[in-house]
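Colleague: Line by line, the protein sequences give chains A and B.
So in our numbering, the last one in the first sequence is 290, and the numbering has no gaps at all.
So in our numbering, the last one in the second sequence is 437, and the numbering has no gaps at all.
Glycine included, C-beta positions come from ideal geometry on N, C-alpha and C.
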Amino acid sequence: MNSAINNSIRPRVAVHKFSSCDGCQLALLNLGEDLLALAERVDLVHFAEAGPLDPDTDVDVAFVEGSVSTPEDIERIQHIRQHSRLLIPIGACATAGGIQALRNGADGAQWVAQIYSHPEAISSLAQSTPIASHVKVDFELWGCPVSGPQMLAVVNALLLGVAPRDNADKVCTECKRQGHACVMVSRGIACMGPVTRAGCGALCPGLGRDCYGCYGPAENANTDALAAQFASLGLAPRDIVQRFQSINSQAPVFLAAADKIRLRGDE
Amino acid sequence: MSEQKRTVSIHVPVLARVEGEGALDLRIDDGAITQLRLRIFEPPRFFEKFLEGRHYTEIPDMVARICGICPVAYQVTAAQALEQLFGVELDPWARAMRRVFYCGEWIQSHSLHIHLLAAPDFFDCSSAIELAKIAPDEVRRGLRIQALGNELMELFGARSVHPVGVRIGGFHGAPPLARIREIREKLRAALPEAEALIRWAASIHVSQDDQAFVSVAMRHPVDYAIERGLIGVSDGLRIEADAFDAHFAEQHQAHSTALFSSYHGEPYLVGPLARLNLNHDRLPEQVKALLAETGLVLPSRNLFHSLVARAVEILLALHEALCLLDAYRVPDSPWVPVSPRAGIATGCTEAPRGLLWHRYEMDDDGRVVNARIVPPTSQNQARIEEDLRLSLLNFGLDRPDDALRLHCEKVIRNYDPCISCATHFLRMNVERG
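Structure, rendered in structure tokens:
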């Protein structure tokens, strides 16, 4: 990516929201003193939840939270792309469609009709999709939610004119570095750590529980081996499918792993 | 053209400093409001549908994703509903620590709302970043209190957004005593800061308003209700969570993706001011004394007192967390074993923005058959529209457009609407052919 942004003046930064829980924006709103410092270093020109409103303006960097889930969203993300030098989706909704992508494949129209008495007034696409399905993205930050340090690292890299670092290694590596006993080996708990991207700091194994894959797939994830391990721990095929079909259900690696198990079940 | 004949059309396409996406349409013809709609167009996320078939062990992690600002409310409400159905008796340690965990969320969410979302309005600022230039000490104090709330959530959940510590039956882990000692000192040091925050919030000049409305909040025999109690109404009604449907109803209107709630056909208020109206007698003495000092008379009929109400609840939450952590011990086990059973689980708690109600039908294997969740913002939606009407009439419809718009936004922010929450749960009227 061309990561050089003009740092002789404060770069113009926008934070946009699509379908989401607002939790990734909190990576900024929870920064405390660092938020005030950040506002000195960059010009936050659009960030509706924090106050500044100027969605149509040209920016150096646009951070995008949320997934594309309505026809209007498609137009809006294309517009944002045209007005942003760098576009960076943040969080599971923006990188993989989010937990709401569990509706993909279900009968969305029927769901709307079951929930709303005026279904005609509800604008909703059948699929919840990541930003990269619609426009070119320059970098992605995975995680549900992304953390403050992750966000600051990206901003710092851009201010220094270097490409942000992308840690696609597995949660297991963080777990080992922190010296946690492996919950799967020592206690037989079905942990997603071996196929899940690092970045959280191995929080779940740190509490003695299973990783549930909220950072999405790691690079070179051996989902076949993990699915076999889950089966040997006694998980039924349906439960193994649900392990892969949760926060990041539409991430291609997790979707393929789930489909493979489903297909085997149908044979 | 006289002011009486003026036609005003105010359209606020994106409401700033609220959580999620909403807009406002106001039309005034011949000196009368002819259209007033809070439009919520945050796309629906269908949580209730995709919870179907999921195992109970997954529910706390899934429902957290409804809201990044109040995930604890969703996790704790779901856990308590299911624990009651499964006949689980929590260890007293876990029961107490759920309240501490929840206090962390109140502190974080309220401080975020006061300083980052609401207060800039009253100082002619568009953001907290601007406000920090004219009130640097107050904003920084607010950010410190918010950070302490986050730290309390992290103590039990490892992170404050979508924490990972809650399990059905208790918590996954228990913090060591050393960390508790550390946070107790911080809580103690924060008490005078929160007291100063209340005095500051009370000193902010707000509009005078006087409206009749029904307040709904949980009520507990001893505590200021947060995570347990009956549902209470200002007319004296007291009901268990499972009687909710007998008194409250939800309805879809075409201009919103959130449902409108009513109590016996009328709009009602949930949230900090409703809680303070119903439960001020349950505040600890120190908090009561400070509240008296502010001159706030309760029950209040002015929604602009919500700012002070949040500040008061921050002090209460700090006080509660400190008392409960003073008695902290490391438990033998942070959780008790659970066996699922089929049936209907209902539960409610007081989320930062007000009453949050869950209902799950579960099967024998502990999987969700169907789910229904009623969040605070959809309950407040009808009240917000009613308030806007009354408040605008009181404010004066002949004011300039910009003043009308700002006033409307201030009114809406009094409710701290969480639009992300409101649209993630929608009532099911299932008709199967």
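Sorted by chain position, which residues of the same chain lie with C-beta nearer than 6 Å to residue 84 (chain B)'s C-beta, five sequence neighbours on each side aside?
Modeller: 351
Colleague: Between which two residues does the beta strand (DSSP E) containing residue 39 (chain B) stretch?
Modeller: 36-44
Colleague: Within 10 angstroms of the Cβ of residue 290 (chain B), are there 16 or more other Cβ atoms? Answer buried if so, exposed if not.
Modeller: By the neighbour-count rule (16 or more Cβ atoms within 10 Å), residue 290 (chain B) is not buried but exposed.
Colleague: If I measure Cβ to Cβ from residue 117 (chain A) and keep anything under 8 Å in the same chain, skipping five residues before and after, which residues do I get?
Modeller: Cβ neighbours of residue 117 (chain A) beyond the five flanking positions: 41, 43, 47, 87, 88, 89, 90, 153, 154, 163.
Colleague: Looking at the C-beta of residue 398 (chain B), does it have a partner C-beta in chain A at a distance below 8 Å?
Modeller: Not an interface residue.
Colleague: Please tell me whether residue 181 (chain A) has its Cβ less than 8 Å away from any Cβ of chain B.
Modeller: no
Colleague: The beta strand (DSSP E) that contains residue 265 (chain A), what's its start and end?
Modeller: Residue 265 (chain A) -> not in any beta strand (DSSP E); alpha helix (DSSP H) instead, spanning 260-267.
Colleague: Using a Cβ-Cβ distance under 8 Å, would residue 52 (chain A) count as near chain B?
Modeller: yes
Colleague: At a Cβ threshold of 8 Å, is residue 50 (chain B) touching chain A?
Modeller: yes
Colleague: I believe residue 58 (chain B) touches residue 371 (chain B) by the beta-carbon criterion, under 8 Å. Please report the beta-carbon distance rounded to the nearest angstrom.
Modeller: 7 Å
Colleague: With 8 Å as the threshold, decide whether the Cβ of residue 265 (chain B) is near any Cβ in chain A.
Modeller: no
Colleague: I'd like the list of long-range same chain contacts for residue 97 (chain B), defined as Cβ closer than 6 Å, with 5 residues on each side in sequence excluded.
Modeller: 335
Colleague: Give the DSSP-derived three-state secondary structure of residue 151 (chain A) in the structure shown.
Modeller: coil
Colleague: Give a yes or no on whether the minimum CB-CB distance between residue 42 (chain A) and chain B is below 8 Å.
Modeller: yes
Colleague: Which residues, in order along the region 243-276 of chain A, keep a beta-carbon less than 8 Å from a beta-carbon of chain B?
Modeller: Flagged, chain order: 262, 265, 269, 270.
Colleague: Just checking: is the beta-carbon of residue 54 (chain B) within a distance shorter than 8 Å of some beta-carbon in chain A?
Modeller: yes
Colleague: Using three-state DSSP, classify residue 159 (chain A) as helix, strand or coil.
Modeller: coil
Colleague: Using the C-alpha atoms, what's the distance from residue 136 (chain B) back to residue 204 (chain B)?
Modeller: 15 Å
Colleague: Straight-line CA distance for residue 227 (chain B) to residue 286 (chain B)?
Modeller: The straight-line gap from Cα to Cα measures roughly 6 Å.
Colleague: Would DSSP call residue 267 (chain B) helix, strand or coil?
Modeller: Three-state result, residue 267 (chain B): strand.
Colleague: Can you name the residues of chain B whose CB is closer than 9 Å to the CB of residue 235 (chain A)?
Modeller: Simply 62, 65, 168.
Colleague: Going along the region 139-155 of chain B in order, which residues come within less than 9 Å of chain A, judged by CB to CB distance?
Modeller: 140, 143, 144, 147, 148, 150, 151, 154
Colleague: With a threshold of 16 other CB atoms inside 10 Å of the CB of residue 159 (chain A), please say whether the residue is buried or exposed.
Modeller: Label assigned to residue 159 (chain A): exposed.
Colleague: How would you list, in chain order, the residues of chain A whose beta-carbon sits under 7 Å from the beta-carbon of residue 116 (chain B)?
Modeller: 52
Colleague: Looking at C-alpha atoms only, which residue of B:31, B:216, B:27 is the closest neighbour of residue 401 (chain B)?
Modeller: B:31
Colleague: Helix, strand or coil for residue 215 (chain A) per DSSP?
Modeller: coil
Colleague: Quick one: what's residue 362 (chain B) bridged to in DSSP?
Modeller: B:351, B:377
Colleague: Does the beta-carbon distance from residue 236 (chain A) to residue 269 (chain A) come in below 8 Å?
Modeller: yes
Colleague: Let me know the secondary structure DSSP gives residue 242 (chain A) once reduced to three states.
Modeller: coil
Colleague: Does any CB atom of chain A fall closer than 8 Å to the CB of residue 12 (chain B)?
Modeller: no
Colleague: Going by DSSP in three states, residue 237 (chain A) sits in which element: helix, strand or coil?
Modeller: coil
Colleague: Measuring only the C-alpha atoms, how far is residue 224 (chain B) from residue 282 (chain A)?
Modeller: 49 Å
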